[in-house]
Amino acid sequence: MPAKGVLVAVTADVVIAGGGVIGTAIAWRAAAAGLDVVLADPAEGDAASLVAAGMLAPVSEALFGEGALLRVNLLALARFPSFAAELEQVTGHRVGLRREGTLAVAYDAGDYAALMRLTAFRRSAGLEAEELDSRACRKLESFLTPDVHGGVLFPGDWSVDNRRYAAALREAAAAAGVRVVRDRVTAVLTTDGADGAASADGVAGADGQAHGRARGVALADGGEIGAGQVVVAAGSWSGAVHGLPAALQAAVRPVKGQLLRLRHPDGMPPVLTHTIRATVRGADVYLVPRADGEVIVGATQEERGPDLTVTAGAVHDLLHDAMSVLPVTSELVLAETCAGLRPGTPDNGPIVGGAGSGIPGGVLLATGHYRNGILMSAATADAIVACLTGQPPAAEWEPFGPGRFLAGEEER
Ligand SMILES: Cc1cc2nc3c(=O)[nH]c(=O)nc-3n(C[C@H](O)[C@H](O)[C@H](O)COP(=O)(O)OP(=O)(O)OC[C@H]3O[C@@H](n4cnc5c(N)ncnc54)[C@H](O)[C@@H]3O)c2cc1C
5 MPAKGVLVAV
15 TADVVIAGGG
25 VIGTAIAWRA
35 AAAGLDVVLA
45 DPAEGDAASL
55 VAAGMLAPVS
65 EALFGEGALL
75 RVNLLALARF
85 PSFAAELEQV
95 TGHRVGLRRE
105 GTLAVAYDAG
115 DYAALMRLTA
125 FRRSAGLEAE
135 ELDSRACRKL
145 ESFLTPDVHG
155 GVLFPGDWSV
165 DNRRYAAALR
175 EAAAAAGVRV
185 VRDRVTAVLT
195 TDGADGAASA
205 DGVAGADGQA
215 HGRARGVALA
225 DGGEIGAGQV
235 VVAAGSWSGA
245 VHGLPAALQA
255 AVRPVKGQLL
265 RLRHPDGMPP
275 VLTHTIRATV
285 RGADVYLVPR
295 ADGEVIVGAT
305 QEERGPDLTV
315 TAGAVHDLLH
325 DAMSVLPVTS
335 ELVLAETCAG
345 LRPGTPDNGP
355 IVGGAGSGIP
365 GGVLLATGHY
375 RNGILMSAAT
385 ADAIVACLTG
395 QPPAAEWEPF
405 GPGRFLAGEE
415 ER
């Protein structure tokens, strides 16, 4: 049972701050590897993991200059099916993995030329892409607007129902023995020099050097959880956890995304099979179908700090753009509007690992997954469990350690 306001130290091998898909996937796999795990999270309600569209889209997310990110996203996609299959087997619940691919469409010759440039880049990286004229696009998706100029099918993109997936992860973690504490982690605690006293926000001082080793975390209600290893996986809120070097705290920022959930009225057959992506009036829009008849329409990308309000303008624009691509959208039921905070970083890459100068021993980070945290969750769990058990993570993670944000601090 979740405990709140535990003043006496709960102890474990590992404490994880944050119970979105990243923290929960790590908790499940760490417990399955034989570690005693406590996960602390005040509430899951605001987690980006529950807002996301659930695309597993390394191909249509691949952009110029992000080769290392593409490699880790491909590692993540390759890992996802076996991870999801085990999750389904352990819990008995389906997570809605779909493998139809993404159909990216363009409206005019200019859009099409831009899509072709990206397609050439993606092909040069070994990714599969099939060019389609307007007719072929509409053969694949019969409800697409006739205004479509042409498109490209990226069969290497999949999707998952992220809410089902997150619920299954929580169930699997509980079944593996993970204990949940319903409280906010305020600081990583370390043993600090000769007296072993805890240092909260001064763990890594202004010099950026680590002082001591992890000995647990402090909680908002005044309690502590004792553990020799700490994983900070608090998504866009990770920077509010004290006890990390200031440069690392500053590296994670919230990037707001507003999104709609539509559903088919009773008796209406599915209007979509593939994930559709398009650019309408310069804004990107996507529509992601679910097996249960839901269609996700997303998403805005806004630098507004920790703001979770849903605005009339965003709902209007998303509906307008979705209807431009798939006019039949107007007949679907507007079931939910929501907003979430992607954990963004300066180079758009995740922060996964620890053991760097300036970071206390035993402290690991698993955050900054930005637009691809659902995709990267299984592979992140593998990487962090490898670190927790003294193994090297896969080589694809090497560019994404926390040390890349600490170079300046080391020099000071
Ligand atoms: C609109 C939108 C669409 C997206 N679409 C996709 C997509 O299609 N595919 C994809 O792969 N990704 C997508 N993402 C990104 C994805 O949602 C995130 O990268 C991912 O959910 C990050 O997971 P997380 O567990 O790190 O963070 P979160 O899911 O945000 O979870 C963080 C958790 O930490 C808890 N917490 C906060 N502070 C503390 C603290 N101090 N102590 C303890 N716990 C704390 C919170 O309560 C929360 O439960 C999308 C995001 C948005 C907003």
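All letters in the sequence shown, in the order written, are residues 5 to 416 by the numbering used here. Even glycine gets a Cβ: it sits at the ideal position worked out from N, Cα and C.
- Nearest to A72 by alpha-carbon distance, out of E402, G105, A387, is E402.
- Inter-residue distance for H373 and N77 is about 10 Å (C-alpha atoms, whole angstroms).
- For secondary structure counted as the beta strand (DSSP E) over 3 or more consecutive residues, the region 331–410 holds these complete runs in sequence order: 337–348, 355–358, 367–371.
- The DSSP-derived three-state label of M327 is helix.
- An exposed status is given to L67, since fewer than 16 other beta-carbon atoms sit within 10 Å of its beta-carbon.
- Each of G377, F147, F404 was checked against the Cα of S163, and the nearest Cα belongs to G377.
- By the neighbour-count criterion, in which 16 or more other beta carbons inside 10 Å mark a residue as buried, H320 falls on the exposed side.
- Remark: the shortest separation between the CB of D45 and any heavy atom of ligand 1 falls under 8 Å.
- In the displayed model, D196 falls within a strand according to three-state DSSP.
- With a beta-carbon spacing of about 10 Å, V367 and A231 fall beyond the 8 Å limit used to define contacts.
- A distance of 9 Å or more separates the beta carbons of V256 and Y111.
- The three-state secondary structure of S242, taken from DSSP, is helix.
- Closest in C-alpha terms to T106, from the list A385, P350, D386, V289, comes V289.
- Assignment of E48 by DSSP, reduced to helix, strand and coil, places it in the coil class.
- Membership of P85 in the alpha helix (DSSP H) is indicated by the continuous run 71–95.
- For the options D270, G261, A295, A218, the alpha carbon positioned closest to that of L276 is the one of A295.
- In this structure P354 touches F404 by the C-beta definition: roughly 5 Å separates them, less than 8 Å.
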